[in-house]
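Here the structure comes first, spelled out in structure tokens, and everything after it is commentary.
In full-length UniProt numbering, the protein residues as written are 1 to 124.
See below:
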């Protein structure tokens, strides 16, 4: 560990976290931000673009991280109109008894490279 370093954190979608968590904790990890935008398996597969991704394993990761005494655990949920805004109360219910914080984040659309390219070149 480095002197003066108080927090070692990782932000993840949680897919490989179950496998990696023990080694990360051993290396000093004490904070985790997990991106979880839906509790619906089909929507989750759409977001992560991987078929067969087990959504329930993410719930297991949340609980396991808490039981491994991770100092700080946070779930980030991007709320998107027409996609998951109907799940906000489900997130609250799912996480209310877990040792973590949930942060609901407003979706901020941008046009990828085109947006950045336009900023760099300025407008005509």
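C-beta atoms are modelled at their ideal positions from N, C-alpha and C, and glycine is treated no differently.
Just so you know, these numbers come straight off a predicted model, no measurement behind them.
Under three-state DSSP, which class holds residue i?
i: residue 85; result: helix
i: residue 97; result: coil
i: residue 120; result: Unreliable placement is indicated for residue 120, whose pLDDT of 34 sits below 50; no coordinate value is reported for it.
i: residue 61; result: helix
i: residue 66; result: helix
i: residue 40; result: coil
i: residue 3; result: coil
i: residue 71; result: coil
i: residue 47; result: helix
i: residue 16; result: coil
Checking 8 Å against the spacing of the C-beta atoms, do residue i and residue j come in under that value?
i: residue 17; j: residue 90; result: no
i: residue 76; j: residue 105; result: yes
i: residue 68; j: residue 98; result: no
i: residue 10; j: residue 36; result: no
i: residue 65; j: residue 71; result: no
i: residue 78; j: residue 88; result: no
i: residue 13; j: residue 43; result: no
i: residue 8; j: residue 48; result: no
When DSSP builds the beta bridges, which residues end up paired with residue i?
i: residue 76; result: 35, 103
i: residue 9; result: 31
Since residue i contacts residue j with CB under 8 Å, what's their CB separation in whole angstroms?
i: residue 62; j: residue 24; result: Contact flag wrong, Cβ pair sits at about 15 Å.
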